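One structure below.
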Amino acid sequence: MRRYPWYEIVDGDEPLLQGDFISSCPVIIPPSVIQPGKVTAEVFEYDVVIMSQSCDLVQRKLDLVLVCPLWPLSEFEKRNDFFKSSRGKEALRQGNVPGYHLLNRSELEGFETEYLVVDFRNVYSVPFDFLIELARRKGKRLRLLPPYREHLSQAFARFFMRVGLPVDIPPFK
Amino acid sequence: MYQTTRDITYPHHLTFFSSSPSAGIREIDISDMEDSSAFVWSHNRPEGFYRSLSSLIETDISSIWPRFEVKSETFIATEALQEALPTDVEYDVTVHMPPKMRYPVELEIKSIRRGEPKIVVPEGIEVGL
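From first to last, the protein sequence lines stand for chains A and B.
The numbering of the first sequence is the working numbering, which starts it at 1 and goes up by one.
The numbering of the second sequence is the working numbering, which starts it at 174 and goes up by one.
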């Protein structure tokens with residue numbers, strides 16, 4: 001039986017693709033008022049996964065790259081009791097928790113991870129050139145492989161395209 | 174007059190139907206839908222629904238009217254009910270995760286200007302005069 005690995009390790013200077021993991025990616029949170037001169041801003045650091053489409057990245061059709069934070073499942077369990085239960089984890093695994101997507105563990109040497117949760121509710125755009133340089137400086141990185149990459153992308157699309165109706169048709173009882 | 178099987182009564186048999194011979198179409202529709210939904214539910218109920226509940230209750234089938242009683246007050250009913258629930262339900266859960274690290278930085282804003290559109294022409298489309 002063929003093996004379909006979830007991840008591979010790529011060099012830092014490899015072109016960025018959808019599904020690449022970037023650790024400790026800084027995101028600048030601007031102050032509420034911006035005016036010329038010195039201002040104080042906050043920097044949030046997240047481990048992120050690239051969500052922009054690979055073809056757009058390869059052809060440099062973007063100035064900003066879309067990234068989503070990702071977290072070890074154990075961190076989610078600490079924050080929310082729902083994910084402590086096997087029901088919660090199973091719902092996550094089956095894709096029944098909109099806004100979150102579960103990725104498998106990595107057992108690649110030097111890049112071992114536990115199960116990871118991608119957070120679609122907090123997306124950030126990072127300048128492409130900045131991200132290329134950051135990835136190069138950080139060296140080898142983990143890359144999510146097809147078809148798991150496309151599965152992630154589809155889950156994001158499903159989350160984003162949801163429509164909540166203000167007045168729904170009442171259920172037929 | 175709309176006649177349904179429920180309007181027919183048999184001697185020595187109790188009828189459990191609520192609609193009367195004079196029931197209007199709307200009432201008939203409602204009761205038909207109720208029957209239908211009960212039928213659909215009884216046929217499509219989640220696998221193991223009764224199996225999960227059976228651990229909760231004591232049954233006495235020696236008489237024509239079964240007796241149902243909770244076996245133990247200390248039994249955690251919610252767990253059994255959770256098992257009986259369907260698994261393909263969407264859960265609207267939001268978790269507010271703090272960033273891995275946060276720190277302030279001093280920035281110097283050199284200029285403020287309005288953004289301009291960056292148009293990406295799809296491949297295969299020639300932009301000519």
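Yeah, the Cβ is synthetic: ideal placement off N, Cα and C, and Gly gets one too.
None of these values were measured; they are calculated from a predicted model.
Which runs of the beta strand (DSSP E) fall wholly inside the stretch 263–287 of chain B and span at least 3 residues, in chain order? 274–282
Please determine, among D47(A), R87(A), S85(A), the residue with the shortest C-alpha to C-alpha distance to W71(A). D47(A)
Taking DSSP as the reference, what is the three-state secondary structure of Y7(A)? strand
With the cut-off set at 9 angstroms, would you say D20(A) and I50(A) are in Cβ contact? yes
I'd like to know if R275(B) contacts chain A, where contact means its C-beta is closer than 9 angstroms to some C-beta of that chain. yes
Local Cβ density within 10 Å of K291(B), reported as buried at 16 or more and exposed below that: exposed
Coarse secondary structure for V33(A), derived from DSSP in three states: coil
For R175(A), the first and last residue of its enclosing alpha helix (DSSP H): The structure shown does not extend to residue 175(A), since chain A is modelled only from 1 through 173, so no value can be given for it.
If you measure between the beta carbons of Y4(A) and P147(A), is that distance less than 9 angstroms? yes
Would you call the CB atoms of V65(A) and L131(A) closer than 9 angstroms? yes
Between the CA atoms of F83(A) and N96(A) - distance to the nearest angstrom: 12 angstroms
Just the Cα atoms here: how many angstroms apart are V43(A) and V58(A)? 28 angstroms
Looking at chain B, which residues of the stretch 39–52 of chain A have a Cβ within less than 8 angstroms of any of its Cβ atoms? V39, T40, A41, E42, V43, F44, E45, Y46, D47
Looking at chain B, is there any beta carbon in it that lies within less than 9 angstroms of the beta carbon of E75(A)? yes
Determine the DSSP secondary structure at E177(A), reduced to helix, strand or coil. Summary: the structure shown does not reach residue 177(A), with chain A confined to residues 1 through 173, and so no result is reported for it.
Suppose the cutoff is 6 angstroms on Cβ atoms and the five residues either side in sequence are ignored; what does the same chain contact list for R121(A) look like? G99
In chain A, which residues lie with their C-beta within 9 angstroms of the C-beta of I298(B)? Here the premise fails: no neighbours, minimum Cβ distance about 13 angstroms.
Helix, strand or coil: which one does DSSP assign to D180(B)? For D180(B), the predicted model reports a pLDDT of 43, less than 50, meaning its position is unreliable and no value from the coordinates is stated.
Determine whether the Cβ of T279(B) lies closer than 9 angstroms to any Cβ atom of chain A. Note that residue 279(B) corresponds to Glu in the displayed sequence, not to Thr. For E279(B), the answer is yes, since a Cβ of chain A falls inside 9 angstroms of its Cβ.
Using a Cβ cut-off of 9 angstroms (strictly closer), state whether P272(B) contacts chain A. yes
Return the CA-CA distance between P295(B) and C55(A), expressed in angstroms with no decimal places. 12 angstroms
May I ask you to check if the CB of L145(A) is nearer than 8 angstroms to at least one heavy atom of the ligand GTP? As presented, the structure is devoid of all ligands, the ligand GTP included, so that no description of it is given.
Name, in chain order, the residues that DSSP records as bridge partners for V118(A). L70(A), H101(A)
List the endpoints of the continuous alpha helix (DSSP H) containing S52(A). Taken as a continuous stretch (DSSP letters only), S52(A) belongs to no alpha helix (DSSP H), as it is neither H nor E.
Kindly indicate if chain A contains any beta-carbon less than 9 angstroms away from that of E263(B). yes
Give every residue of the same chain whose Cβ lies closer than 8 angstroms to the Cβ of T40(A), excluding the five residues on either side of it in the sequence, and list them in chain order. P31
Can you pull the chain A neighbours of I285(B), defined as C-beta to C-beta under 9 angstroms? I34, Q35, P36
May I ask which residues mark the beginning and end of the beta strand (DSSP E) holding S125(A)? 124–127
Over what stretch of residues does the alpha helix (DSSP H) that includes L142(A) continue unbroken? L142(A) -> not in any alpha helix (DSSP H); beta strand (DSSP E) instead, spanning 141–144.
Buried or exposed: I298(B), going by 16 or more other Cβ atoms within 10 Å of its Cβ? exposed
Interface partners of A157(A) on chain B, CB under 7 angstroms: The contacting residues do not exist; A157(A) stays about 16 angstroms from chain B at best.
How would you list, in chain order, the residues of chain A whose beta-carbon sits under 9 angstroms from the beta-carbon of I292(B)? In chain order: nothing, as chain A lies at least about 10 angstroms away.
Can you tell me whether I298(B) is helix, strand or coil according to DSSP? coil
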